[in-house]
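Read top to bottom, the protein sequences are chains A and B. Residue numbering for the first sequence follows the working numbering, starting at 1 and increasing by one per position. Residue numbering for the second sequence follows the working numbering, starting at 340 and increasing by one per position. Worksheet for the structure shown next.
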Amino acid sequence: MKSLTGVIIGTSLAQVGMTVAALLAGVVALEVLVWLVAAKVLRLRNPLVPMLLAPAIVGLAALVVVPIGYEVRLAFSNMSLRRFRNPDFGLVYGWNNLTSIFTDPVLKQTMFFPLFLRTVAWTAVQVTFHVVLGLLLAILLNRKLVLKNLYKILLVIPWAIPQVISCLTWRGEFHYEYGFVNIILKAVGLGAVQWKSDPTGNWVAMNIVNIWLGVPFMMVIALGALQSISKEYYEAAMIDGATGWRRLRSVTLPLAQPILTPAVILGVIWTFNNFNVPFFINEQELETSDILVTALFRAAFEYNLYGFAAAFAIIIFLILFAFSAFYIRATGALKSVRG
Amino acid sequence: MATHGNILRRVLLARVNGENLWFRVLVNGILIIACIAAVYPALRIFSVSLRPGDRLLSTSLAVIPGDATLANFRRVIIEKDFLLWLWNSLLITITTAVTGLMLAATSAYAFSRWRFHGRNAFLVFLLATQMIPAAMMMVPLYIIAARLGLINTYRGLVIAYSVSSVPFSIWIMKGYYDTIPGSLEEAATIDGASRMYTLWRIILPLAAPALAVVFLFNFMSSWNDFLLARIMLQKPAMLTWPLGLQRLQDQFRTEWGAYSAASLLLAVPVSALFLYTSKWLISGLTLGSVKGD
Numbered sequence: 001m002k003s004l005t006g007v008i009i010g011t012s013l014a015q016v017g018m019t020v021a022a023l024l025a026g027v028v029a030l031e032v033l034v035w036l037v038a039a040k041v042l043r044l045r046n047p048l049v050p051m052l053l054a055p056a057i058v059g060l061a062a063l064v065v066v067p068i069g070y071e072v073r074l075a076f077s078n079m080s081l082r083r084f085r086n087p088d089f090g091l092v093y094g095w096n097n098l099t100s101i102f103t104d105p106v107l108k109q110t111m112f113f114p115l116f117l118r119t120v121a122w123t124a125v126q127v128t129f130h131v132v133l134g135l136l137l138a139i140l141l142n143r144k145l146v147l148k149n150l151y152k153i154l155l156v157i158p159w160a161i162p163q164v165i166s167c168l169t170w171r172g173e174f175h176y177e178y179g180f181v182n183i184i185l186k187a188v189g190l191g192a193v194q195w196k197s198d199p200t201g202n203w204v205a206m207n208i209v210n211i212w213l214g215v216p217f218m219m220v221i222a223l224g225a226l227q228s229i230s231k232e233y234y235e236a237a238m239i240d241g242a243t244g245w246r247r248l249r250s251v252t253l254p255l256a257q258p259i260l261t262p263a264v265i266l267g268v269i270w271t272f273n274n275f276n277v278p279f280f281i282n283e284q285e286l287e288t289s290d291i292l293v294t295a296l297f298r299a300a301f302e303y304n305l306y307g308f309a310a311a312f313a314i315i316i317f318l319i320l321f322a323f324s325a326f327y328i329r330a331t332g333a334l335k336s337v338r339g
Numbered sequence: 340m341a342t343h344g345n346i347l348r349r350v351l352l353a354r355v356n357g358e359n360l361w362f363r364v365l366v367n368g369i370l371i372i373a374c375i376a377a378v379y380p381a382l383r384i385f386s387v388s389l390r391p392g393d394r395l396l397s398t399s400l401a402v403i404p405g406d407a408t409l410a411n412f413r414r415v416i417i418e419k420d421f422l423l424w425l426w427n428s429l430l431i432t433i434t435t436a437v438t439g440l441m442l443a444a445t446s447a448y449a450f451s452r453w454r455f456h457g458r459n460a461f462l463v464f465l466l467a468t469q470m471i472p473a474a475m476m477m478v479p480l481y482i483i484a485a486r487l488g489l490i491n492t493y494r495g496l497v498i499a500y501s502v503s504s505v506p507f508s509i510w511i512m513k514g515y516y517d518t519i520p521g522s523l524e525e526a527a528t529i530d531g532a533s534r535m536y537t538l539w540r541i542i543l544p545l546a547a548p549a550l551a552v553v554f555l556f557n558f559m560s561s562w563n564d565f566l567l568a569r570i571m572l573q574k575p576a577m578l579t580w581p582l583g584l585q586r587l588q589d590q591f592r593t594e595w596g597a598y599s600a601a602s603l604l605l606a607v608p609v610s611a612l613f614l615y616t617s618k619w620l621i622s623g624l625t626l627g628s629v630k631g632d
């Protein structure tokens, strides 16, 4: 038992304080350097711009660009726990990693393509549910209701709770005997389900949790989109005799679409990359519940195959990148960046 | 309050909207069911945390157990490492939220006020970093951290978290700076103020709402992080709360009462903060996309 003692408080404060002091010293040194180069060597008219940008650029370079470069290098190595200090680098190792991703099981049994298809199915199911339920709730909320504010607060709660807590709690509630899910199922006359050990049960459990977690975000975005639609469009549609369904299809959806599209792209990326839900709900580490990113985590930190995992990570990123590029080009979602 | 005329008008309006009484009952019914589905799983944490030690494994669905007790809270605070985890998380999170904010606030100002070579490419690069799966960065970060001796240090996490939300923060800050008219700085410059002085004394105070959103966003994202902490920290004295909770909920000897009490203590303040600030957080989320320029 390590409780919170004065010694721990003291050492932790000292370590964090030293880190902050070192960072500040580094920033000051960097600023002086940038100023010297920009003002004295390059004789820029406005040395303030590079000085303002330098700390963020150095930080991003150190924590995004360098690691990605290092990952590419690792992908061409056979680094593992046994060969942690002295891995071999070379094209042949890169080729080996690449071929073993597609021809050997990624973990123990699952091959890459089933894993990939499962991830795509997971993303499609989740985003569909999020959008449909989120839009439905938003449409229901977008009217005069006595308890509107209360509904809104209660419905956002799954988003507000820290995700780790939600996932761990849900996992506990999938307990065969004492979890509320099975208790309710039994109470209404359905049989209890083995949520943790049965592959299908676990897959469904994962999906339930993530629907619960993801709907509030879409609901909030959709509600914002609906509220931005002027009432006049609906009045005009009603004068033309449009029914409720027709108004939804011809007024609501087309006008909400510009706001919903970026949210859907974000939703796809978040779901595809979702780590917490498949990792925590899959307590017994069934390979049938892994998606690409959890398989990547296990390959790296449970099987300790760092070189293989680096190559695997790059493949996952390329898939996501291809999707985003295609989607952005198709919808023109990044038009606003050009300024 | 409502006169007859008023009621009549409202009924007519409801007719026009096609909303009769049954429709309203249906709408409210669906919303109430949705609310129960949203809230009940969260309430379970509350009810389990109140159960006495010998009745943790119970098949009751009641929210407040008949023999409610606070023993679990006492236990988790006194016998478990709860306070230690909380301290570690708070220390790391507050430090990184402040450093991340400073990095973003200064560089976003440059993006908002000046046009320079590579500006647009850099802004797109910042957006692109948001597409990188967190799990993808773990392998190189872990190995670099191990090589530099940063595993099991506060140092490693503080540095990593400080930068992780910077791209998103820059977008929010830039969007907000763009709404502040440049004539303010011109006036200050005519009065002889330096650009840094203007940023510090005029622009940053005006950007206080955006600074608050960015601080909160940074705070929430490192406060709730599991993955990076899981990789960087193994020593029991170093754990942040997500790692601590995971240990409490061990597969073979879950201490349900202690787990639920700890979860409740952690979830209530953070969720309340989130609900209270969600309006600004959400406007911040959309700001980056709307205020493109």
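All C-beta atoms, glycine included, are put in the ideal place defined by N, C-alpha and C.
Rounded to whole angstroms, the Cβ separation of Asn182/A and Asn282/A is 18 Å, and the two are not in contact under 8 Å.
According to the DSSP secondary-structure assignment, Phe89/A is paired through a beta bridge with Ser77/A. Taking a beta-carbon distance threshold of 7 Å, Asn359/B does not count as an interface residue toward chain A. Remark: C-beta atoms of His130/A and Gly267/A approach each other more closely than 7 Å. Relative to the Cα of Tyr379/B, the nearest Cα in the group Phe323/A, Trp212/A, Gly241/A belongs to Trp212/A. Under the three-state reduction of DSSP, Asp517/B is assigned to helix. When the five nearest sequence neighbours on each side are left out, the beta carbons in the same chain lying within less than 7 Å of the beta carbon of Met79/A are those of Pro87, Tyr306, Gly307, in order along the chain. Note on geometry: alpha-carbon atoms of Ala373/B and Ala160/A lie some 16 Å from one another. Less than 7 Å separates the beta-carbon of Thr435/B from that of Tyr500/B. Contact note: Ile153/A reaches chain B through Leu614, using a C-beta cutoff of 8 Å and chain order. What Ala29/A touches in chain B, judged by beta-carbon distance under 9 Å, is nothing: the nearest beta carbon there is about 16 Å away. Residue Ala300/A holds the alpha-carbon nearest to the alpha-carbon of Pro479/B among Arg329/A, Ala21/A, Ala300/A. Annotated three-state conformation of Gln588/B is coil, per DSSP.
Leaving aside the five residues that flank Gln227/A on each side, the residues in its chain whose CB is nearer than 7 Å to its CB run, in chain order, Asn142. Residues of chain A whose Cβ lies closer than 7 Å to the Cβ of Val478/B are, in chain order, Glu71, Leu74, Ala300, Tyr306, Ala309, Ala310, Ala313. Comparing C-alpha distances from Leu360/B to each of Leu36/A, Leu145/A, Ser77/A, Leu115/A shows the shortest one belongs to Leu145/A. None of the residues of the stretch 89-122 of chain A has a beta carbon lying less than 8 Å from any beta carbon of chain B.
When only Cα atoms are considered, Phe412/B and Gln163/A end up about 21 Å apart. Between Thr294/A and Val127/A, the gap from beta carbon to beta carbon reaches 7 Å or more.
Contacts with chain B at 7 Å (Cβ-Cβ) do not include Thr252/A.
Using a C-beta cut-off of 8 Å, the stretch 435-451 of chain B makes contact with the stretch 554-564 of chain B, since at least three inter-stretch Cβ pairs fall below that distance.
Annotation for Gly10/A: the continuous alpha helix (DSSP H) segment containing it runs 6-35. Burial is judged here by how many other beta carbons sit within 10 angstroms of a residue's own beta carbon; Ala205/A has at least 16 and is buried.
Contact between Ser428/B and Trp580/B is confirmed by a C-beta separation of about 5 Å, below the 8 Å threshold.
The straight-line gap separating the alpha-carbon atoms of Leu489/B and Met571/B is approximately 8 Å. Excluding residues up to 5 positions away in sequence, Trp35, Ala38, Ala39 lie with their Cβ nearer than 7 Å to the Cβ of Pro47/A in the same chain.
Here the C-alpha atom of Leu566/B lies approximately 45 Å from the C-alpha atom of Ser522/B.
At a beta-carbon threshold of 9 Å, the residues of chain B lying near Leu137/A are Ile369, Leu370, Ala373, ordered along the chain.
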